[in-house]
Every structure is written in C-alpha cells, then in structure tokens.
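Down below is the structure, laid out as structure tokens.
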Ligand SMILES: Nc1nc2c(ncn2[C@@H]2O[C@H](COP(=O)(O)OP(=O)(O)OP(=O)(O)O)[C@@H](O)[C@H]2O)c(=O)[nH]1
Ligand SMILES: [Mg+2]
C-alpha cells in the first residue's frame, strides 16, 4: 500500500497560462489541477506565481520580465525546487536552472515522480523506471553541460564527455533489460488472460479520469480494500478481482490507472502494455465525478485517450459517480439509457448499476430449469464444464432436468452452435433437436 512521503522540499510553483497552448476556459481548472498534482507528490508548497503570456519564450519558456520577478522572490528564501506547469525542453530547463540557481522540474517530471512513489507491483515498478530512463536520456546533455560550465568549459574531450558516453550506454543497456523483463511479465499476464477467455469469465474494466472514484467503486463491486484516496494517481497498478454479487454472472473487474490531461508520452509508452490489457475487456465502466466543475472536459479527455488506445468499439457504460455531492439521494430517479447515477462511497444506485452490467454482458441471466433429452449428453457436459448447473434431476421418460444459472446470450449461443431450439413451457425451458 502507498504511504504518503512528505518530501519536505521547499517548493515554488510557477503557473503560466499560455494563450497559444490552452483553451481559455480551461485555464482556471488547469491551475487547480496543477496545484492538486503538486500536493499529491507530497511537496511542501511555500510560494507560487501565476501569470499569462501569449506564447512560450524559446530560451526559458517564461518571459523575461516575469522571470526576473520570480528570481527576486525566490532569492535567499531557501527554496529547493521550482515546478513549472508545462513541458519544458531540455535546454529551457537548463537555462531556467542556471538563472534561478535551483532545481527546476516540469509537469512531465512531476507526474513521473508521483508514479515512481506509487508503483508497488513488479510490472508497475518496471514501467515507471522505463519511463524515467527514457525521459532521463533526453536530459543527459543538460546535466553534463552544467558540469562543463562549472569547470569553466575545460577540455572538449575531457572526462565529462567520456562519462556522458558511458552513462548513455549504461542507460541504453538498462532500457533494453527493462523492456525484456516487461515483455516477459506481460507474456505471463497474456497467458492468464487466455485462460480467462477459455473460461466463462467476462472482463469489465473501470476507466476514467484520476480521482473519479474508480477504486472506491471497484472495492464496492468486489469487496476489496484497495487504496482509494483523495489524491491524483492513487492507483497505478491494475488489479483484477472477481465479482462478489451472486446475482451477477461470472465477471472479473479490473481497476486501472487514472487518466489526466497531457499525460506524458513517456508514460503512455511505458504503460501501453498495461493499457493494452484493456483491449481484452468485454465492457468498460467509464467512471466520472459528476460533482466536478470540469466534468464534461474530463469525459472528452478520457474519450480521446480511449480512442488513441483503439478502445472506442468496446461497449461502455457512463457512470456519474459521487451523486451524493450533487444532492441526489435516490439515483434511480435519474435512470436513463445512456448513463447511470451512483455514489460508490455511500452505496447508492449500485444495484441498478449491477443490473445494467448484467444486461450489457449477458443480456440478463436465466436462472431456472431446462429440460434436455438423454441424447444431448454433450450439451449437459458443456454446461457442467461451464459451472452453470446447480442441480440435476432425471424423469422416467428419460428427459433430464437441469437447474441452471447462465447468461441468456451464453445459452442462446450454446444452443445455436449445437443446432438446438428452445421453447418455454410455463416455468421450464424445453430444449429440442433443431
Ligand atoms: N462524496 C463521495 N466521494 C467519493 C465517492 N466515490 C469516491 N469518493 C472519494 O473520491 C476520492 C477518490 O476516490 P478513488 O476511488 O481513489 O478514485 P480513483 O478514480 O480510483 O482515483 P485514481 O486511482 O487516483 O485514478 C476518495 O477520497 C474517495 O473517498 C462518492 O460516491 N461520493
Ligand atoms: Mg484508483
């Protein structure tokens, strides 16, 4: 489980609203989210500045006048770290560090840092290390150029350069090792997913913006106690658990990492294999926080990421979570075909959600008796193999009565494959040779 690590680094935030990069109305939201992100990293915020500029300046990203102001306000204040809310190029970051004389990190490094502190599983840790090394390899020049300057730029072929080459080689080597290990770990997972496909289990994955309440809902549906918290990226490693409700068909629920706007490309690359697992999902639950002012934009962000992962064709249910925060006591009143309203925390609307999931996956479930003829031994064996038969009785006529629990879709498919028909006689389904 994740333990909050207070870094105690005295941190100064620089929020820049760059007109040419952002949609105007999103700016306030972006500032709030940036602040939350920094708090989630455990940094101690001791000062901040917020300003507008029409476009990034090439050399330092921050324009000259503002940079002087920031420089004055952090001088002598013992600040350890400056965090900027944009992606900086290696040279911009280097120039800022030289000017401000403290370590400067950008949004990508901030998110990588949060991920690094949250990763707990083998795969999660490998993925984060890979993302960090990929990022580091683009920044290596920056570190050594500093050193050269400090040395007064002595020697073009000095130890600095040799060291840089060595570092590049070591990093390249480590990246290859990590990729190999990751691919082995994922192959193992794929084997597991193959085993799942052969069984009846359906995979339902919870997706959505970070902090929407995916883990809280996951815990509710699977009676688990995964770490859920009012923090961005509380979940990093995907977890899959079996559904606990006997009314639901055989379902595995999978909780995943939350999305965020401008997710660093290094992370998407490294987490691609984990996110690729979503491809095998039969249904996606898109969890949203309906009390969030940015509700609609966040839905668009998540949809864009789902599209980029090629998941747009997987059926999904839109879930408005945290309905208790918008004063909806009885979410079933808001029933609609497109959306479901719930409160995962207050346990409201969950039964209705289960019903929807059941309908989407199995077209409902049939629980009751079927009668088959004694010649249909293969059908009976298959139903046993699927674990659907609760009870069996045989009649003198030779007919076999089976009490089954099965998805309607599954039953239809099974009978169709065998060329059987079905008709209903009061409370019992009769299976006939087609
Ligand atoms: N009021 C209210 N709070 C909720 C509800 N569901 C979740 N929360 C809170 O929202 C916060 C985030 O919940 P999580 O379940 O960790 O969210 P998540 O989507 O898994 O977040 P990440 O793992 O960071 O992507 C926690 O503080 C929860 O207690 C709800 O229905 N109502
Ligand atoms: Mg979570």
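Numbering (the numbering used here), first residue to last: 3 to 436. Note that the Cβ used here is the ideal one computed from N, Cα and C, for glycine as well.
The three-state secondary structure of residue 228, taken from DSSP, is coil. Taking the C-beta atoms as reference points, residue 319 is found no nearer than 8 Å to residue 354.
When the beta-carbon positions are compared, residue 18 and residue 64 come within less than 8 Å of each other. By the Cβ criterion, the stretch 320–330 is in contact with the stretch 291–300, since at least three pairs of Cβ atoms, one from each stretch, lie closer than 8 Å. Sequence-distant Cβ neighbours of residue 429 in its own chain, meaning closer than 8 Å and more than five residues away, are 370 and 371. If you draw a straight line from the Cα of residue 182 to the Cα of residue 115, it comes to about 23 Å. For residue 68, the enclosing alpha helix (DSSP H) stretches over residues 66–76.
Only buried fits residue 351, as 16 or more other CB atoms lie within 10 angstroms of its CB. In this structure, the CA atom of residue 75 is about 20 Å from the CA atom of residue 94. In the displayed model, residue 359 falls within a helix according to three-state DSSP. Annotated three-state conformation of residue 395 is strand, per DSSP. Short note on residue 234: C-beta closer than 7 Å to some heavy atom of ligand 1. Within its own chain, the residues whose Cβ lies closer than 6 Å to the Cβ of residue 253, once the five positions on either side in sequence are excluded, are 204, 206 and 245, listed in chain order. Relative to ligand 1, even the nearest heavy atom lies 7 Å or more away from the CB of residue 140. Ranked by how close their Cα comes to the Cα of residue 314, the residues 340, 346, 280 and 328 have 280 in first place. For residue 418, no beta strand (DSSP E) segment is defined; the enclosing uninterrupted segment is the alpha helix (DSSP H) at 410–420. With respect to the C-alpha of residue 411, the residue from 111, 426, 365 and 421 having the closest C-alpha is 365. Non-local beta-carbon contacts of residue 124 in its own chain, meaning distances under 7 Å to residues more than five positions away in sequence, involve 187 in chain order.
Secondary-structure assignment with DSSP links residue 19 through a beta bridge to 54. Cβ atoms of residue 237 and residue 216 come within 8 Å of each other, at about 7 Å. For residue 288, the uninterrupted beta strand (DSSP E) segment begins and ends at 285–291. Around residue 54, the same chain offers 19 as residues with beta carbons nearer than 6 Å, after the five sequence neighbours per side are excluded. Beta-bridge partners of residue 243 (DSSP): 255. For the pair of segments examined, the stretch 357–364 was found not to touch the stretch 414–429: the number of CB pairs separated by less than 8 Å stays below three.
DSSP, reduced to helix, strand and coil, places residue 12 within a strand of the structure shown. In terms of CA proximity to residue 346, 224 leads the group 268, 286 and 224. DSSP lists 253 as the bridge partner or partners of residue 204. From the listed residues 177, 396, 392 and 413, the smallest Cα separation to residue 405 is found for 392. Taking all protein chains shown into account, residue 233 has 16 or more neighbouring C-beta atoms within 10 Å of its C-beta and is therefore buried. Residue 317 and residue 284 have their C-alpha atoms roughly 7 Å apart.
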